[in-house]
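J.: My structure is below; once you've seen it, I'll send some questions.
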Amino acid sequence: HSLGGALAVLASQQISRAHPRSKQTVYTFGCPRVGNSTFAAMFNDAIPDAWAIVNRGDPICTLPKLGFKRIGQRVNVDVEGNLIVRGGYFELSVVHRGTVVKNHMMGQYGLALASIIKAQFSASKSLPGGAAGAEALLGAVDVSAALVMSNMGLEALRDASLVPELTEKRDGRWCRSSPRSATRSWQRRPPEETVFLRWLLR
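Shown next, in the form of structure tokens:
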């Protein structure tokens, strides 16, 4: 995420140069642009399985502007459960236009990913086989812990009245937010309930 994503790009490029036959997969979240068009072309040739996940309105993903280019396949996400892979001009310039600084926070990326999983149980937004894939994911990974969310159990995901809620720790307090609510309520929780995003490090 962010600077860590930029470092992952540079590290994977160095690994590719040192071990040209290695096969790597790179996922970045909110990664700034790292190199110029020549660097991006060389990176994409060496590591074709690279994915740049961009939350709608994240300003960091557009920086620096002059002379820099994004690497990998762009994947746009948002808290409404939309997922746009390798979008065209309309999606990138019109639908996902503007900047929202808070959308750069890792918790907002988690909320967008949770909303995409929730959308797989909706008739209007689900992908073919999405519900079965979401059920398999829930069976293999504790998604609530990985995304630091509540309402991520199978029954809650199937219930249209419940939305995923982000629970993240800030200054010793817990912050709750959901896609439907911009307001936040604070409450104390014991430190043993702290959950880390281990799934990002795998």
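All residue numbers for the sequence shown refer to the numbering used here, where the first residue is 36 and numbers rise by one. Ideal placement from N, C-alpha and C gives every residue a C-beta, glycine not left out.
(1) Would T134 and P163 be called neighbours here (beta carbons separated by less than 8 Å)?
(2) Buried or exposed: where does R121 fall if 16 or more other Cβ atoms within 10 Å of its Cβ makes it buried?
(3) Going by the CB atoms, is the gap between Y124 and I88 shorter than 8 Å?
(4) In three-state DSSP terms, what is Q108?
(5) Near I151, what residues of its chain come up, given a Cβ to Cβ distance below 7 Å and the 5 sequence neighbours on each side ignored?
(6) For L101, does the three-state DSSP call read helix, strand or coil?
(7) For the region 143–157 and the region 191–202, state whether three or more C-beta atom pairs, one from each stretch, are separated by less than 8 Å.
(8) What is the DSSP secondary structure of L42, reduced to helix, strand or coil?
T.: Let's see:
(1) Position 99 of the sequence shown holds residue 134. Position 128 of the sequence shown holds residue 163. It is not a contact, given that the beta carbons lie outside the stated cut-off.
(2) The sequence position of residue 121 within the sequence shown is 86, counting from 1. Counting Cβ neighbours within 10 Å, R121 comes out exposed, since fewer than 16 surround it.
(3) Translated into the one-based positions of the sequence shown, residue 88 becomes position 53. Translated into the one-based positions of the sequence shown, residue 124 becomes position 89. Their beta carbons are not under 8 Å apart, which means I88 does not touch Y124 by this criterion.
(4) The residue labelled residue 108 in the question sits at position 73 within the sequence shown. Secondary structure at Q108: strand, using DSSP grouped into helix, strand and coil.
(5) Here residue 151 corresponds to residue number 116 of the sequence shown, with the count starting at 1. Taken in chain order, the residues that qualify are V112, G116 and L118.
(6) The residue labelled residue 101 in the question sits at position 66 within the sequence shown. Note: L101 maps to coil in three-state DSSP.
(7) Output reads yes: the region 191–202 touches the region 143–157.
(8) Here residue 42 refers to the residue found at position 7 when the sequence shown is read from its first residue. L42 sits in a helix when the DSSP states are folded into three classes.
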